[in-house]
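Asks:
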């Protein structure tokens, strides 16, 4: 009962690691957008590992079918709901908190693009 089964325990441990990483990300990240990214991606990966480990433990067709259906539903709905939450926050005017250096100068290029579009629209 207390023996180590690598096929079952390693996916569960990896899933638990992803869930722990998501929890740390929720605490450490500064704004809604980065917290939402951490929670949606890592929770989905973590639950996949846990579901795979549980499915390997049960090894019954009915249990595997139900776990696969739940996992498929989660893979389809979690990214969509995270996108909708982020879009609603953006449309309500919640700006992302930008800290630190912009390694690729992406924000500067976006500002230049906005200025260019305003000049073309105004002229």
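In my numbering, the protein residues as written are 1 to 123. For every residue, glycine included, the Cβ atom is placed at its ideal position computed from N, Cα and C.
Tell me whether residue 30 sits in a helix, a strand or coil according to DSSP, three-state version.
Replies: Three-state result, residue 30: coil.
Asks: Out of 39, 56, 18 and 48, which one is the CA nearest neighbour of residue 8?
Replies: 56
Asks: Residue 30: buried (16+ other C-beta within 10 angstroms of its C-beta) or exposed?
Replies: exposed
Asks: Label residue 123 either buried or exposed according to how many other C-beta atoms from any shown protein chain fall within 10 Å of its C-beta, with 16 as the threshold for buried.
Replies: Caution applies to residue 123, whose pLDDT of 44 falls short of 50 and renders its modelled position unreliable; the model cannot decide the point.
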